[in-house]
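Asker: So that we are looking at the same thing, I have put the structure below in structure tokens.
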Amino acid sequence: MGEKKRKESANNNFIFGKKNYKFMLIGLGVIALGFILMSGGGSDDPNVFNPEIFSWRRIRLAPTLVLIGFGIQVYAILLDPNKTKSSKS
-12 MGEKKRKESA NNNFIFGKKN YKFMLIGLGV IALGFILMSG GGSDDPNVFN
38 PEIFSWRRIR LAPTLVLIGF GIQVYAILLD PNKTKSSKS
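The numbering of the sequence shown is the working numbering, which starts it at -12 and goes up by one.
Given below as structure tokens:
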């Protein structure tokens, strides 16, 4: 009897809603894009210096995209999926 009652009272609701998962995927995509833009620029020969590693894309743009992606992830976690729109009428 106790186990039946426990199973009835246990809800199988997800913590996050559909909107949360959308924002999480967007944030993950932005983070991945930042890391892709950060990659490359090296040289196959260790005796040759390639100044391309100090490009604006790798120093400014890519880390900014990664931080924005982490911000989107935080927003997705804190977003309340059960919040309904309230009318101000």
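For every residue, glycine included, the Cβ atom is placed at its ideal position computed from N, Cα and C.
Classify Lys70 as helix, strand or coil using the three-state DSSP reduction.
Answerer: In the structure shown, Lys70 sits in coil (DSSP, three-state: anything other than H, G, I, E or B).
Asker: Find out if the Cβ-Cβ distance for the pair Gly21, Val61 is shorter than 7 angstroms.
Answerer: Cβ atoms of Gly21 and Val61: not closer than 7 angstroms.
Asker: Counting C-beta neighbours from all protein chains within 10 Å, is the total for Ile23 16 or more, i.e. buried, or is it exposed?
Answerer: Under this definition Ile23 is an exposed residue.
Asker: For Val17 versus Ile55, is the C-beta distance shorter than 7 angstroms?
Answerer: For Val17 and Ile55, yes; Cβs fall inside 7 angstroms.
Asker: For Ala49, count the other beta carbons within 10 Å of its own beta carbon; 16 or more makes it buried, fewer makes it exposed. Which is it?
Answerer: When all chains shown are included, Ala49 counts as buried.
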